[in-house]
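**Q** Residue numbers (the working numbering): 434 to 689.
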């Protein structure tokens with residue numbers, strides 16, 4: 434029976450510190466064997482499509498849920514990207530301006546984010562994005578927003594009351610992301626497109642942003658290095674990402 438397996442990237446497929454994460458050899462082998470056995474494999478990430486596309490191809494995937502569930506790729510073809518609610522994004526940016534909190538935005542499908550304030554790039558870890566400072570940037574004229582980035586710590590974010598209007602998550606101690614966080618939406622879109630039964634879905638994750646794809650309608654597997662709330666929601670807990678957790682789970686369930 435074909436399984437439809439969706440894998441988070443950081444801490445699940447890839448192990449190690451940010452900026453130096455690698456896919457363990459045992460995981461690579463498991464992916465090859467899964468595909469050989471006729472199973473469907475896909476990445477399921479909060480990264481934008483533009484940021485994740487090259488990674489998807491490097492790891493031999495042709496299917497992907499990206500943008501936190503708001504974009505889908507099947508057989509290498511992007512089916513579309515749903516932007517964030519524009520009006521609410523502008524409300525958040527206006528409040529950040531009033532509070533003098535630096536921000537940046539992703540206004541297109543690229544790895545470049547735009548900021549009006551040079552302080553943003555100085556305050557936030559480089560990560561995977563390129564920050565371009567545009568002193569005369571008018572966000573009111575931007576037609577769509579895919580992500581917002583706010584240079585604020587967890588304590589100071591309480592000052593931004595409009596965050597209650599948008600999905601958001603802390604990426605690091607210095608930066609909060611306003612981004613889609615319902616990966617299950619993208620999974621459902623792919624399954625509907627394929628006409629495949631959702632009970633054959635299997636998801637692997639490790640972080641808080643993976644809670645949205647741990648759905649009771651399918652099998653959810655937490656890595657051994659996962660946060661405790663995800664383990665609590667999991668149907669099965671495997672070994673750590675750097676201890677061939679994916680391969681061991683796939684062997685445990687007989688998919689390889």
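Here a beta-carbon is modelled for each residue, glycine too, at the ideal position from N, C-alpha and C.
What's the C-alpha gap between residue 575 and residue 540?
**A** As a working note, residue 575 is residue 142 in the chain shown. As a working note, residue 540 is residue 107 in the chain shown. Each residue's Cα considered, the two are about 7 Å apart.
**Q** State the DSSP-derived secondary structure class of residue 438, mapped to helix, strand or coil.
**A** The sequence position of residue 438 within the chain shown is 5, counting from 1. Strand, per DSSP.
**Q** Beta-carbon within less than 8 Å of residue 632's beta-carbon, same chain only, minus the 5 sequence neighbours each way: which residues are those?
**A** Position 199 of the chain shown, counted from the first residue, corresponds to residue 632. Closer than 8 Å at Cβ, skipping near neighbours: 650, 651.
**Q** Compute every distance between the C-beta of residue 435 and the non-hydrogen atoms of the ligand NAP, then say whether any falls below 7 Å.
**A** Looking for the ligand NAP in the displayed structure turns up nothing, as the structure carries no ligands at all.
**Q** Can you tell me the Cα-Cα spacing of residue 585 and residue 684, whole angstroms?
**A** Here residue 585 corresponds to residue number 152 of the chain shown, with the count starting at 1. Here residue 684 corresponds to residue number 251 of the chain shown, with the count starting at 1. Their backbone Cα atoms lie some 43 Å apart in a straight line.
**Q** Run through the segment 510-539 for me and flag every whole beta strand (DSSP E) of 3 or more residues, listed as ranges in chain order.
**A** 510-514, 536-539
**Q** Considering only DSSP beta bridges, list what residue 669 is partnered with.
**A** As a position in the chain shown, residue 669 is number 236, starting the count at 1. Note: residue 669 sits in a beta bridge opposite 654.
**Q** Cβ atoms of residue 646 and residue 636: under 8 Å apart, would you say?
**A** One-based indexing of the chain shown puts residue 636 at position 203. One-based indexing of the chain shown puts residue 646 at position 213. In contact: residue 636 and residue 646 (Cβ atoms closer than 8 Å).
**Q** With 16 as the cutoff for other CB atoms within 10 Å, does residue 622 come out buried or exposed?
**A** Looking up residue 622 in the chain shown gives position 189. Residue 622 comes out buried.
**Q** Got a sec, what are the start and stop residues for the alpha helix (DSSP H) residue 771 sits in?
**A** This structure does not reach residue 771, given that the chain is present from 434 up to 689, and the question cannot be answered.
**Q** Since residue 656 and residue 678 are thought to touch, with beta carbons under 8 Å apart, how far apart are those beta carbons, to the nearest angstrom?
**A** For the purposes of this step, residue 656 is taken as the residue at position 223 of the chain shown. For the purposes of this step, residue 678 is taken as the residue at position 245 of the chain shown. At roughly 5 Å, the Cβ-Cβ gap stays under 8 Å, so residue 656 and residue 678 are in contact.
**Q** Under a Cβ-count criterion, where at least 16 other Cβ atoms within 10 Å of its own Cβ denotes burial, should residue 470 be classed as buried or exposed?
**A** As a position in the chain shown, residue 470 is number 37, starting the count at 1. Looking at its Cβ environment, which holds fewer than 16 other Cβ atoms inside 10 Å, residue 470 is exposed.
**Q** If I'm right that residue 658 touches residue 444 with Cβ under 8 Å, what's the distance once you round it to whole angstroms?
**A** Reading the chain shown from its first residue, position 225 is the one you call residue 658. Reading the chain shown from its first residue, position 11 is the one you call residue 444. The pair is a contact, with the Cβ atoms about 6 Å apart (cut-off 8 Å).
**Q** Since residue 517 and residue 611 should fall inside the 8 Å C-beta cutoff, what is the C-beta to C-beta distance between them, to a whole number of angstroms?
**A** Taking the first residue of the chain shown as position 1, residue 517 is located at position 84. Taking the first residue of the chain shown as position 1, residue 611 is located at position 178. Beta-carbon to beta-carbon, residue 517 and residue 611 are separated by about 7 Å, close enough to satisfy the 8 Å threshold.
**Q** How far does the alpha helix (DSSP H) with residue 616 in it reach, from first residue to last?
**A** Taking the chain shown and counting its residues from 1, the one referred to as residue 616 is at position 183. It spans 616-627 - the alpha helix (DSSP H) in which residue 616 sits, taken as one unbroken run.
**Q** Between the Cα of residue 505 and the Cα atoms of 563, 439, 638, which residue gives the shortest distance?
**A** Mapped onto the chain shown, residue 505 falls at position 72. Residue 439 is the option with its Cα nearest to residue 505.
**Q** Going by DSSP in three states, residue 637 sits in which element: helix, strand or coil?
**A** Against the chain shown, residue 637 aligns to sequence position 204. Reduced to three states, the DSSP call for residue 637 is strand.
**Q** Could you have a look at residue 472 and say whether DSSP puts it in helix, strand or coil?
**A** Locating residue 472 in the chain shown gives position 39, counting from the first residue. Note: residue 472 maps to coil in three-state DSSP.
**Q** Leaving out five residues before and five after residue 572 in sequence, what residues of the same chain have Cβ atoms less than 7 Å from its Cβ?
**A** Indexing the chain shown from 1 puts residue 572 at position 139. 523, 526, 538.
**Q** For the beta strand (DSSP E) containing residue 499, list its first residue and its last residue.
**A** By one-based count along the chain shown, residue 499 stands at place 66. Run containing residue 499: 497-499, per the beta strand (DSSP E) assignment.
**Q** Please list the segments of the alpha helix (DSSP H) lying wholly inside the segment 551-606, counting only runs of 4 or more residues, in order along the chain.
**A** 552-556
**Q** With a CB to CB cut of under 7 Å and the five nearest residues on each side skipped, what residues in its chain are close to residue 609?
**A** By one-based count along the chain shown, residue 609 stands at place 176. Cβ neighbours of residue 609 beyond the five flanking positions: 583, 585, 590, 601, 603.
**Q** Assuming residue 500 and residue 482 are in contact, meaning their beta carbons sit under 8 Å apart, how far apart are those beta carbons, in whole angstroms?
**A** In the chain shown, residue 500 corresponds to position 67, counting from 1. In the chain shown, residue 482 corresponds to position 49, counting from 1. With 8 Å as the limit, residue 500 and residue 482 qualify as a contact, their Cβ atoms being about 6 Å apart.
**Q** Between the segment 659-674 and the segment 466-480, do at least 3 Cβ pairs fall closer than 8 Å?
**A** no
**Q** Leaving out five residues before and five after residue 663 in sequence, what residues of the same chain have Cβ atoms less than 8 Å from its Cβ?
**A** Your numbering for residue 663 matches position 230 in the chain shown. Hits under 8 Å: 638, 639, 640, 641, 643, 644, 647, 655.
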